[in-house]
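Numbering (my numbering), first residue to last: 1090 to 1349.
These notes concern the structure reproduced below.
As C-alpha cells, this is what we get:
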C-alpha cells in the first residue's frame, strides 16, 4: 500500500513539474532574443531556440518561418528593426509545417503563406508530428492550426518585388525531415529550416529527437547541394542554431555533405 501511495505521489510531482515546464515554455516563446543582422536588409531573431528571419524588399517585408509565438512578438521585433509593420508583410515562406515554425502566422492577415503541399495537413493539425519529441512539444505548446494560401510543389522561383531588378526567392523541395520540407534562397542566404542545425561552429543534420526520418533527411541535404551547385550561397540559416558565418555557407554545406 505504501509503495502504491509513493508511486501516486511521484506521478503527481512529475505532472506538476511537467505543467510548470509547459507554462514556462509558453511564456518564454513570447520573449524574443535580440535582433541580429545577417546582412543589410535581412535580420533574424529567436525565442525558445526557434528562429524567424525577415527581409526588407523595397517597402515590403517577407518572412522565412514565423516562429513559435502565436502572439507574434518575435515577428514584431524584426519589424521594429526594419522600421516596418505587420501590414508591410507580403509573404511567409515556411520551411516546414511544425508548430514552432508556423505559430506566428495566425496574427498575420492577407499575406501569402507559401508552404510545401506535403506539409499542409501537418500545419493544419490534421496529422501530428511523426517524431515522439515533436508530438510532445506540439501537445505542450498547443500550437494553432494554419493554412497555406500558396502550396508549393517541386522546386520553383518566386518574384517578390515588381520592379525591373525583381528580387526572387528560389524554393527547393527537400522532403526528408517532413514530407513538405523546403529550403529557400534569397539574396545569397539559404534558409534551410530543420533539415540541418548550426551548432559548435558547423552544420549538422536535423536534431535526432525531432527527426523521424534521418536517412531521408540526409538524402535531402545531399540533393539540396546538387540543386544549388550553381547558386551563390554566402550564408546558411537554420531553424535552430542560427546562421553560418558570412562567406562560409557553401563551404559548410560541402563539409556537412562530406560527413553524412
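Glycine included, each C-beta is placed from N, C-alpha and C at the ideal position.
Remember, predicted model here, so these are calculated numbers, not experimental data.
In this structure, the straight-line span from the alpha carbon of residue 1135 to that of residue 1141 is close to 6 Å. Assignment of beta-bridge partners to residue 1136 by DSSP yields 1139.
According to the DSSP assignment, residue 1191 belongs to the alpha helix (DSSP H) that extends over 1188 to 1191. Contact annotation: residue 1158 and residue 1119 have beta-carbon atoms nearer than 9 Å. Counting the other Cβ atoms within 10 Å of the Cβ of residue 1221 gives fewer than 16, which makes it exposed.
In the displayed model, residue 1176 falls within a helix according to three-state DSSP.
For residue 1163, there is no enclosing beta strand (DSSP E); the residue is found in the alpha helix (DSSP H) stretching over 1162 to 1170.
Bridge partners of residue 1204 according to DSSP: 1183, 1240. Around the beta-carbon of residue 1294, 16 or more other beta-carbon atoms lie within 10 Å, marking it buried.
Its Cα nearest to that of residue 1241, the residue 1206 stands out among 1206, 1259, 1112. If you draw a straight line from the Cα of residue 1231 to the Cα of residue 1151, it is about 26 Å long. Just measuring C-alpha positions, the residue of 1176, 1325, 1344 sitting nearest residue 1335 is 1325. Between residue 1266 and residue 1300, the CB-CB gap stays under 9 Å.
Per the coordinates, the alpha-carbon of residue 1192 lies some 14 Å from the alpha-carbon of residue 1209.
Restricting attention to beta strand (DSSP E) runs no shorter than 3 residues, the segment 1283 to 1344 encloses them at 1285 to 1288, 1291 to 1294, 1324 to 1327, ordered along the chain.
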